[in-house]
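Q: Can you read through this structure? Questions will come right after.
2 protein chains.
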Amino acid sequence: MSVEGHTYQHNVVGAPGTDGDPCEDSPRDEHAPSRSTGTLGKALEVLDMIALSEQPLRFTDILRQTDQPRGTLHRQIKNLLEEGLICQNADQSYIPGLRLLKLAARAWSQNSFRLIAESHVRSLHAATGETVHLGVMNDLEVIYVDKLETRQSVRMHSQVGNASPLYCTGIGKAMMALLPREECVARARRISYKRHTAATLYTPELLLGEIEIIRETGIAHDREEHEPGIRCVAAGINNTDIDLIGGVSVTAPAYRIDDKTVENWQHLVREAAAAIELDMRSGLGPRSHE
Amino acid sequence: MSVEGHTYQHNVVGAPGTDGDPCEDSPRDEHAPSRSTGTLGKALEVLDMIALSEQPLRFTDILRQTDQPRGTLHRQIKNLLEEGLICQNADQSYIPGLRLLKLAARAWSQNSFRLIAESHVRSLHAATGETVHLGVMNDLEVIYVDKLETRQSVRMHSQVGNASPLYCTGIGKAMMALLPREECVARARRISYKRHTAATLYTPELLLGEIEIIRETGIAHDREEHEPGIRCVAAGINNTDIDLIGGVSVTAPAYRIDDKTVENWQHLVREAAAAIELDMRSGLGPRSHE
DNA sequence: AATTCAGTTCCAGTAAATGGAACTACGGGT
DNA sequence: ACCCGTAGTTCCATTTACTGGAACTGAATT
Numbered sequence: 601m602s603v604e605g606h607t608y609q610h611n612v613v614g615a616p617g618t619d620g621d622p623c624e625d626s627p628r629d630e631h632a633p634s635r636s637t638g639t640l641g642k643a644l645e646v647l648d649m650i651a652l653s654e655q656p657l658r659f660t661d662i663l664r665q666t667d668q669p670r671g672t673l674h675r676q677i678k679n680l681l682e683e684g685l686i687c688q689n690a691d692q693s694y695i696p697g698l699r700l701l702k703l704a705a706r707a708w709s710q711n712s713f714r715l716i717a718e719s720h721v722r723s724l725h726a727a728t729g730e731t732v733h734l735g736v737m738n739d740l741e742v743i744y745v746d747k748l749e750t751r752q753s754v755r756m757h758s759q760v761g762n763a764s765p766l767y768c769t770g771i772g773k774a775m776m777a778l779l780p781r782e783e784c785v786a787r788a789r790r791i792s793y794k795r796h797t798a799a800t801l802y803t804p805e806l807l808l809g810e811i812e813i814i815r816e817t818g819i820a821h822d823r824e825e826h827e828p829g830i831r832c833v834a835a836g837i838n839n840t841d842i843d844l845i846g847g848v849s850v851t852a853p854a855y856r857i858d859d860k861t862v863e864n865w866q867h868l869v870r871e872a873a874a875a876i877e878l879d880m881r882s883g884l885g886p887r888s889h890e
Numbered sequence: 601m602s603v604e605g606h607t608y609q610h611n612v613v614g615a616p617g618t619d620g621d622p623c624e625d626s627p628r629d630e631h632a633p634s635r636s637t638g639t640l641g642k643a644l645e646v647l648d649m650i651a652l653s654e655q656p657l658r659f660t661d662i663l664r665q666t667d668q669p670r671g672t673l674h675r676q677i678k679n680l681l682e683e684g685l686i687c688q689n690a691d692q693s694y695i696p697g698l699r700l701l702k703l704a705a706r707a708w709s710q711n712s713f714r715l716i717a718e719s720h721v722r723s724l725h726a727a728t729g730e731t732v733h734l735g736v737m738n739d740l741e742v743i744y745v746d747k748l749e750t751r752q753s754v755r756m757h758s759q760v761g762n763a764s765p766l767y768c769t770g771i772g773k774a775m776m777a778l779l780p781r782e783e784c785v786a787r788a789r790r791i792s793y794k795r796h797t798a799a800t801l802y803t804p805e806l807l808l809g810e811i812e813i814i815r816e817t818g819i820a821h822d823r824e825e826h827e828p829g830i831r832c833v834a835a836g837i838n839n840t841d842i843d844l845i846g847g848v849s850v851t852a853p854a855y856r857i858d859d860k861t862v863e864n865w866q867h868l869v870r871e872a873a874a875a876i877e878l879d880m881r882s883g884l885g886p887r888s889h890e
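As C-alpha cells, then:
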C-alpha cells in the first residue's frame with residue numbers, strides 16, 4: 601500500500617504544472633488585498649484580525665481595519681460569536697473563543713508528523729536536557745507543533761502553535777535549506793527582514809549564503825540571531841512524499857553551552873531528524889495497519 | 601430570561617465600572633438541530649467532523665456522514681483547504697490544518713481567565729506537587745484551558761483544549777454546583793451518561809445528590825469516577841459579572857494519596873479558587889501582570 | 001472492455017450575504 | 001436639559017455566491 605501518513609502540508613513547493621490549483625495567492629489576479637474564499641474567507645479574515653491582534657478589539661476597532669460596511673461586519677461578528685469562534689468581554693471587546701482551543705487540540709493530537717516525531721523528540725530532550733522544538737514550514741514562517749521545556753514545565757504550550765520567521769530561527773533556516781534552490785531563493789526574497797539582534801541575517805544574500813553552508817553540513821545554527829543570549833542547533837526533516845518540510849532543534853542560553861556541547865548536539869539533532877524522516881517514509885504511522 | 605445558558609464566553613472584565621449586561625445569547629432557538637449559522641456554520645460543521653473524528657476521513661467518509669450533495673460538500677472542503685483550516689494527506693484523507701493551531705495559540709495566550717488564574721494555578725502546583733488543571737464550563741462539558749503536569753513535562757498540552765464530561769470529573773461537578781438550581785437540574789437531565797468506572801455517577805439523581813454535598817462543602821471529589829486509579833479534588837470558580845463558570849483541580853493516582861493529603865488539598869484548592877475569583881472580580885485585567 | 005467507486009466540474013435556480021440607511025443607547029460638552 | 005458625536009444594532013431591497021443535480025474523469029477491479 602502507499603505510504604499512508606497523514607501529514608501537514610501547505611502547498612509547499614511542488615512540481616510546476618501538476619495541477620492548476622492556484623492555491624498560492626489570490627485566485628483572481630486583481631491586486632485585491634483580500635484573497636478571501638467567499639464567505640468563509642471573509643469570516644476568517646475577521647477572526648484572524650481578532651485573534652492576531654495584541655489587544656482585544658472592540659467593534660469599531662475592527663471596523664476601522666476593514667473596509668466592510670458596518671452592517672456586514674456586524675453580522676459577520678455575530679455569526680462568529682454564535683459559532684463560538686470568538687467571544688465578547690464585558691467591555692464588548694472581542695477575543696478568540698473556546699471552540700478554537702477544542703478544535704486545535706484535535707488538530708494537534710492527530711498531527712501525524714508530531715506523533716511520529718514524538719519519541720525522537722523526547723529522546724533528544726533526554727539526551728540534551730535542554731529545550732527541544734519541533735516545527736513545520738508554513739510559507740514564510742515556522743509553526744511549532746511541539747516543545748519540551750528544559751526542566752520544570754514552565755508553561756506548557758507557550759510556543760505550540762506559535763509562528764516565528766524562517767530567517768532568524770534555527771529550524772527555519774534548516775528547513776529553507778531543504779527547499780529546491782529556486783524556491784529557496786524566491787522565498788528569501790519575499791521575506792521582510794527585521795534585525796532582531798546584531799547577529800540577525802537581515803538580507804536575502806546573507807541568508808542564502810548561510811543556507812549554502814547549512815546544505816552541506818545538514819545543521820543550522822541560531823547564534824543569537826533572534827533573541828540575544830539564545831542559541832540553538834537545528835536540523836531539517838524532509839518528506840517529499842507528502843510535501844512536508846519540518847525541523848527539530850535544541851535551544852539553550854548561550855552562556856550555558858560551549859563548543860564541545862554544540863558539537864555533541866549537532867550529532868544528536870542530526871540523528872533525531874534523520875530518524876524522524878525515516879519513520880515517516882517507512883509509513884510508521886499512528887495507525888500503521890491497513 | 602431563558603433558562604438555557606450555554607454561554608460560550610470566558611473572558612473577564614476589563615473595564616471597571618459599567619457592565620451588568622452578561623450578554624445573553626438570545627437569538628439561539630431551543631435546540632434546533634444545529635440550524636447552522638448560514639454558510640459559516642455549514643463549513644464549521646464539516647470542519648468539526650474532520651477535526652473530531654478519530655481517524656482521518658476521506659471525501660466519501662464525510663459525504664456519508666452528512667446529507668449534503670457531493671458538489672456542495674466538495675466545494676466546502678475545497679474552501680476549508682484553501683483557507684488552511686484543513687489539509688490533505690497523500691491518500692487524500694483530510695485532517696485539521698495548521699491554521700487552527702496558530703489561531704488557538706492566540707486564543708490561549710489571550711484568554712484572560714487563564715492569565716488571571718495562572719499564578720494561582722502555579723502556586724497550587726508548587727504546593728501539591730501534583731497535576732493541576734484549570735477548566736471552564738461549556739454547556740455539558742469542561743474544556744481545559746491550562747494544565748501543569750506533576751513532574752517531568754510529560755507532554756505539554758495533552759489536555760489543553762480537550763473536553764471532558766461534567767458528570768464524572770471533579771471540575772465538572774464543582775462547576776455544576778455553582779449553577780442556579782433549576783439550570784443545574786436541567787443540565788443533569790440533558791447529559792447522556794456513560795459508566796466509565798464502577799464509581800461513576802451515572803444517573804441525574806446520583807449526580808444531583810452529590811452536587812448537593814458539593815454546594816455545602818465547596819469541594820468536589822472525583823473518586824475514580826472517570827478513570828480507575830485516578831482521584832482528584834476540585835473547586836469551582838464563579839464570575840457572574842461575566843457569566844463564566846470555571847474550576848481548578850488537583851489530580852493524582854489514588855495509591856499516592858491518603859486522607860490527610862486530601863484534607864490538605866481541599867484547603868489549598870478552595871483557596872486557589874477563591875483567590876482566582878477575587879482577582880477576576882477586582883478587575884485585575886489581563887494586562888495587569890506579566 | 002465493462003463496471004464500479006472516488007473525486008471533480010458545471011450551471012440554472014435560489015438561498016444567503018451585502019451594504020446603505022435608519023434606529024438605539026450612551027456620554028460629554030455647552 | 002439640551003444637542004451632538006460616537007458605538008453598536010437592526011432592517012430590507014439588491015445582488016452575490018452558495019446550492020445541488022447531473023454529467024465527466026480516471027483509477028482500480030472484474
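Those sequence lines, one after another, are chains A and B.
Just so we're aligned: 610 in the working numbering is position 10 of the first sequence, and the numbers increase by one with no gaps anywhere.
Just so we're aligned: 635 in the working numbering is position 35 of the second sequence, and the numbers increase by one with no gaps anywhere.
The beta carbon of each residue, even a glycine, is placed where N, CA and C say it ideally should be.
These numbers were taken from a predicted model, which means no experiment stands behind them.
(1) So with Cβ pairs under 8 angstroms, would you call K702(B) a contact of chain A?
(2) Using the beta-carbon of each residue, which ones in chain A are nearer than 7 angstroms to N838(B)?
(3) Which residue's Cα is closest to the Cα of E718(A): I650(A), I695(A) and D746(A)?
(4) Is any beta-carbon of chain A found at less than 8 angstroms from that of N864(B)?
(5) Please list the segments of the beta strand (DSSP E) lying wholly inside the region 699-787 of chain A, counting only runs of 3 or more residues, in order along the chain.
(6) Is the CB of Q668(A) under 8 angstroms away from at least one CB in chain B?
(7) Name the chain B residues that come within less than 7 angstroms of G761(A), Cβ to Cβ?
(8) Taking just the CA atoms, how far does A763(B) sit from R831(B)?
(9) Got a sec, what are the start and stop residues for the alpha helix (DSSP H) H674(B) sits in?
(10) Beta-carbon of D879(A) versus every beta-carbon of chain B: anything under 8 angstroms?
(11) Would you say G671(A) faces chain B, with C-beta separation under 8 angstroms as the test?
(12) Checking contacts by CB at 8 angstroms: is L644(A) closer than that to chain B?
(13) Mapping the DSSP letters down to three states, classify P804(A) as helix, strand or coil.
(14) Can a CB atom of chain B be found closer than 8 angstroms to the CB of P696(A)?
(15) Would the beta-carbon of R787(A) fall within 8 angstroms of that of L740(A)?
(16) Are the region 763-776 of chain A and the region 820-827 of chain A in contact at 8 angstroms, needing three or more beta carbon pairs?
(17) Once the 5 residues before and after S634(B) are set aside, which same chain residues still bring their CB inside 8 angstroms of it?
(18) Is there a C-beta anywhere in chain A that falls below 8 angstroms from the one on G641(B)?
(19) Verify whether the separation of the beta carbon atoms of S653(A) and H733(A) is less than 8 angstroms.
(20) By DSSP, does Y855(A) sit in helix, in strand, or in coil?
(21) Would you report the Cα separation of P804(B) and T728(B), rounded to the nearest angstrom?
(22) I need the straight-line Cα distance from L698(B) to G809(B), nearest angstrom please.
(23) Looking at the structure shown, is I845(A) part of a helix, part of a strand, or coil, going by DSSP?
(24) Indicate whether at least one CB of chain B lies closer than 8 angstroms to the CB of V745(A).
(25) Within 8 angstroms, do at least three Cβ pairs link the region 657-676 of chain B to the region 690-697 of chain B?
A: Once the coordinates are examined:
(1) yes
(2) Going along chain A, no residue has its Cβ under 7 angstroms from N838(B), so there is no contact; the nearest lies around 15 angstroms.
(3) D746(A)
(4) no
(5) 731-738, 741-748 and 763-765
(6) Answer no: the Cβ-Cβ gap between Q668(A) and chain B never drops below 8 angstroms.
(7) L701, K702, A704 and A705
(8) In this model, R831(B) and A763(B) are separated by some 18 angstroms (Cα to Cα).
(9) R670 to E682
(10) no
(11) no
(12) yes
(13) In the three-state scheme derived from DSSP, where H, G and I count as helix and E and B as strand, P804(A) is classed as helix.
(14) yes
(15) yes
(16) yes
(17) Interpretation of S634(B) is limited by its pLDDT of 45, a score under 50 that renders its predicted location unreliable; the figure taken from the coordinates is listed afterwards. Excluding sequence neighbours, S634(B) sits near G641 and E645.
(18) yes
(19) no
(20) The answer is helix: DSSP assigns Y855(A) an H, G or I state.
(21) 32 angstroms
(22) 44 angstroms
(23) strand
(24) yes
(25) yes
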